[in-house]
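Okay, so here's the structure we're looking at.
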(Lines of atoms letter the chains of each structure in order from A and count residues from 1; the text may use other names and numbers.)
(Lines give C-alpha, C1' and ligand atoms only; values in the text may rest on other atoms or scores of the structure.)
Protein backbone atom coordinates (compact mmCIF):
# COMPACT_ATOMS: atom_id res chain seq x y z
CA UNK A 1 0.00 0.00 0.00
CA UNK A 2 2.73 2.46 0.97
CA UNK A 3 4.84 1.77 -2.11
CA UNK A 4 1.79 2.29 -4.30
CA UNK A 5 0.57 5.47 -2.59
CA UNK A 6 3.73 7.06 -1.18
CA UNK A 7 4.11 9.72 -3.90
CA UNK A 8 0.52 10.86 -3.38
CA UNK A 9 1.21 11.13 0.35
CA UNK A 10 4.58 12.91 0.03
CA UNK A 11 3.25 15.34 -2.57
CA UNK A 12 0.03 15.85 -0.60
CA UNK A 13 -1.97 15.02 -3.75
CA UNK A 14 -4.71 13.16 -1.97
CA UNK A 15 -5.71 14.04 1.59
CA UNK A 16 -7.52 10.70 1.95
CA UNK A 17 -4.27 8.76 1.49
CA UNK A 18 -2.37 11.08 3.83
CA UNK A 19 -5.05 10.78 6.50
CA UNK A 20 -5.12 7.00 6.12
CA UNK A 21 -1.32 6.77 6.41
CA UNK A 22 -1.28 8.95 9.54
CA UNK A 23 -4.10 6.98 11.18
CA UNK A 24 -2.44 3.64 10.41
CA UNK A 25 0.92 4.90 11.69
CA UNK A 26 -0.66 6.18 14.92
CA UNK A 27 -2.50 2.88 15.46
CA UNK A 28 0.71 0.88 15.07
CA UNK A 29 2.65 3.20 17.38
CA UNK A 30 -0.15 3.25 19.96
CA UNK A 31 -0.33 -0.55 20.01
CA UNK A 32 3.42 -0.81 20.57
CA UNK A 33 3.49 1.87 23.28
CA UNK A 34 0.49 0.49 25.17
CA UNK A 35 2.07 -2.98 25.25
CA UNK A 36 5.35 -1.58 26.64
CA UNK A 37 4.61 1.66 28.50
CA UNK A 38 7.95 1.77 30.35
CA UNK A 39 10.07 1.08 27.24
CA UNK A 40 11.39 -2.16 28.68
CA UNK A 41 11.69 -3.92 25.35
CA UNK A 42 9.20 -3.89 22.44
CA UNK A 43 8.78 -0.11 22.40
CA UNK A 44 12.48 0.24 21.58
CA UNK A 45 11.77 -0.83 17.99
CA UNK A 46 10.38 2.68 17.48
CA UNK A 47 13.99 3.88 17.80
CA UNK A 48 14.85 2.41 14.38
CA UNK A 49 16.95 5.08 12.64
CA UNK A 50 16.88 7.42 15.63
CA UNK A 51 20.28 6.63 17.14
CA UNK A 52 21.99 7.55 13.88
CA UNK A 53 19.60 10.50 13.50
CA UNK A 54 20.61 11.94 16.88
CA UNK A 55 24.25 11.69 15.81
CA UNK A 56 23.50 13.44 12.53
CA UNK A 57 21.45 16.19 14.18
CA UNK A 58 24.08 16.78 16.85
CA UNK A 59 26.88 16.99 14.31
CA UNK A 60 24.82 19.62 12.46
CA UNK A 61 24.28 21.46 15.76
CA UNK A 62 20.53 20.82 15.48
CA UNK A 63 20.34 23.36 12.66
CA UNK A 64 17.72 23.61 9.94
CA UNK A 65 20.19 22.22 7.41
CA UNK A 66 18.94 18.76 8.36
CA UNK A 67 15.43 18.37 9.77
CA UNK A 68 14.59 15.70 12.33
CA UNK A 69 12.57 13.82 9.71
CA UNK A 70 15.43 13.89 7.21
CA UNK A 71 17.86 12.77 9.92
CA UNK A 72 15.62 9.81 10.83
CA UNK A 73 15.18 8.82 7.16
CA UNK A 74 18.94 9.00 6.72
CA UNK A 75 19.44 7.07 9.96
CA UNK A 76 17.07 4.35 8.80
CA UNK A 77 18.99 3.95 5.54
CA UNK A 78 22.36 3.80 7.32
CA UNK A 79 20.90 1.26 9.77
CA UNK A 80 19.70 -0.83 6.80
CA UNK A 81 23.14 -0.69 5.19
CA UNK A 82 24.74 -1.77 8.48
CA UNK A 83 22.23 -4.62 8.89
CA UNK A 84 23.05 -5.75 5.35
CA UNK A 85 26.79 -5.55 5.99
CA UNK A 86 26.32 -7.68 9.13
CA UNK A 87 24.31 -10.17 7.00
CA UNK A 88 21.17 -9.51 9.04
CA UNK A 89 19.23 -7.95 6.13
CA UNK A 90 18.92 -9.72 2.78
CA UNK A 91 20.17 -7.98 -0.38
CA UNK A 92 16.70 -8.14 -1.99
CA UNK A 93 15.18 -6.34 0.99
CA UNK A 94 17.88 -3.66 0.92
CA UNK A 95 17.28 -3.10 -2.81
CA UNK A 96 13.52 -2.71 -2.22
CA UNK A 97 14.19 -0.14 0.50
CA UNK A 98 16.64 1.78 -1.68
CA UNK A 99 14.20 1.79 -4.61
CA UNK A 100 11.52 3.20 -2.31
CA UNK A 101 13.87 5.98 -1.15
CA UNK A 102 14.93 6.75 -4.74
CA UNK A 103 11.33 6.74 -5.98
CA UNK A 104 10.40 9.33 -3.33
CA UNK A 105 13.65 11.29 -3.60
CA UNK A 106 14.38 10.74 0.10
CA UNK A 107 17.82 11.45 1.61
CA UNK A 108 19.81 8.23 1.62
CA UNK A 109 23.51 9.09 1.55
CA UNK A 110 25.32 10.90 4.34
CA UNK A 111 27.81 12.23 1.78
CA UNK A 112 25.13 14.77 0.88
CA UNK A 113 25.30 16.22 4.39
CA UNK A 114 28.64 15.30 5.97
CA UNK A 115 32.37 15.13 5.35
CA UNK A 116 34.98 12.74 6.79
CA UNK A 117 35.83 15.22 9.53
CA UNK A 118 32.22 15.01 10.82
CA UNK A 119 32.34 11.26 11.57
CA UNK A 120 33.82 11.66 15.07
CA UNK A 121 31.18 14.28 15.93
CA UNK A 122 28.41 11.98 14.72
CA UNK A 123 29.72 9.08 16.79
CA UNK A 124 30.24 11.26 19.87
CA UNK A 125 26.57 12.23 19.85
CA UNK A 126 25.55 8.60 19.28
CA UNK A 127 27.66 7.57 22.29
CA UNK A 128 25.61 9.88 24.53
CA UNK A 129 22.42 7.89 23.92
CA UNK A 130 20.88 6.57 27.15
CA UNK A 131 20.22 3.17 25.52
CA UNK A 132 23.91 2.34 25.19
CA UNK A 133 25.67 -0.30 27.28
CA UNK A 134 29.31 -0.67 28.34
CA UNK A 135 30.54 1.99 25.92
CA UNK A 136 28.83 0.25 23.00
CA UNK A 137 26.16 1.91 20.91
CA UNK A 138 22.76 0.19 20.99
CA UNK A 139 21.12 0.06 17.57
CA UNK A 140 17.75 -1.12 16.32
CA UNK A 141 18.26 -2.89 13.00
CA UNK A 142 15.80 -4.62 10.71
CA UNK A 143 15.93 -8.18 9.41
CA UNK A 144 13.27 -7.50 6.75
CA UNK A 145 10.82 -4.76 5.88
CA UNK A 146 8.51 -4.33 8.85
CA UNK A 147 10.50 -6.64 11.16
CA UNK A 148 13.24 -5.51 13.51
CA UNK A 149 15.75 -7.64 15.29
CA UNK A 150 15.04 -8.13 18.98
CA UNK A 151 15.70 -4.87 20.88
CA UNK A 152 19.03 -4.75 22.74
CA UNK A 153 20.52 -7.40 20.47
CA UNK A 154 22.83 -5.20 18.36
CA UNK A 155 25.64 -3.18 19.90
CA UNK A 156 28.55 -1.64 18.04
CA UNK A 157 31.70 -0.01 19.39
CA UNK A 158 33.15 3.30 18.24
CA UNK A 159 35.91 1.77 16.11
CA UNK A 160 33.65 -0.64 14.23
CA UNK A 161 31.11 2.13 13.63
CA UNK A 162 33.76 4.58 12.44
CA UNK A 163 35.21 2.00 10.06
CA UNK A 164 31.72 1.24 8.70
CA UNK A 165 30.81 4.90 8.18
CA UNK A 166 34.14 5.75 6.54
CA UNK A 167 34.17 2.74 4.23
CA UNK A 168 30.55 3.00 3.18
CA UNK A 169 29.70 6.65 3.11
CA UNK A 170 32.48 9.17 3.04
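Residue numbers (the numbering used here): 485 to 654.
The C-beta atom is built at its ideal place from N, Cα and C for all residues, glycine as well.
Check your understanding: For residue 636 versus residue 515, is the C-beta distance shorter than 8 Å?
Key -> As a first step, residue 636 is located in the chain shown; it is residue number 152 there, counting from the start. As a first step, residue 515 is located in the chain shown; it is residue number 31 there, counting from the start. Cβ distance not < 8 Å, so residue 636 and residue 515 don't count as in contact.
Review point. Between residue 595 and residue 578, what straight-line distance do the alpha-carbon atoms span, to the nearest angstrom?
Key: The count along the chain shown starts at 1 and reaches residue 595 at position 111. The count along the chain shown starts at 1 and reaches residue 578 at position 94. Residue 595 and residue 578: Cα-Cα distance of roughly 19 Å.
Check your understanding: So, are the CB atoms of residue 633 and residue 563 less than 8 Å apart?
Key -> Residue mapping note: residue 633 aligns to position 149 of the chain shown, counting from 1. Residue mapping note: residue 563 aligns to position 79 of the chain shown, counting from 1. Contact: no.
Point to revise | Own chain, CB closer than 7 Å to residue 604, minus 5 neighbours either side, in chain order | key: Translated into positions along the chain shown, residue 604 becomes position 120. Excluding positions up to five away in sequence, the list is empty.
Practice item. Note the first and the last residue of the continuous beta strand (DSSP E) segment covering residue 507. Key: For the purposes of this step, residue 507 is taken as residue 23 along the chain shown, with counting starting at 1. Run containing residue 507: none in the beta strand (DSSP E); it sits in the alpha helix (DSSP H), 499–519.
Check your understanding: By Cβ distance, which residues of its chain are closer than 7 Å to residue 550, with the 5 residues on each side in sequence left out?
Key -> Looking up residue 550 in the chain shown gives position 66. These residues qualify, in order along the chain: 540, 541, 544, 597.
Check your understanding: beta strand (DSSP E) containing residue 618: first to last residue?
Key -> As a working note, residue 618 is residue 134 in the chain shown. That residue, residue 618, is in no beta strand (DSSP E); it is neither H nor E in DSSP.
Check your understanding: Thinking C-beta only, is residue 566 closer than 8 Å to residue 629?
Key -> On the chain shown, residue 629 is found 145 positions in, with the first residue counted as 1. On the chain shown, residue 566 is found 82 positions in, with the first residue counted as 1. No, the pair does not count as a contact, with Cβ atoms beyond the cut-off.
Practice item. Throw me the rounded Cβ distance for the residue 558 and residue 610 pair, which I believe falls under 8 Å. Key: Here residue 558 corresponds to residue number 74 of the chain shown, with the count starting at 1. Here residue 610 corresponds to residue number 126 of the chain shown, with the count starting at 1. About 13 Å; that fails the 8 Å criterion.
Check your understanding: In the structure shown, what three-state DSSP assignment does residue 603 receive?
Key -> Counting from one through the chain shown, the residue named residue 603 turns up at place 119. The answer is helix: DSSP assigns residue 603 an H, G or I state.
Check your understanding: If you draw a straight line from the C-alpha of residue 511 to the C-alpha of residue 517, how long is it?
Key -> Locating residue 511 in the chain shown gives position 27, where the first residue counts as 1. Locating residue 517 in the chain shown gives position 33, where the first residue counts as 1. So the two alpha carbons sit approximately 10 Å from each other.
Point to revise | Other residues of its chain near residue 638: CB distance less than 6 Å, five sequence neighbours each side excluded | key: Your numbering for residue 638 matches position 154 in the chain shown. Closer than 6 Å at the Cβ level, and outside the excluded window around residue 638, lie 623, 625.
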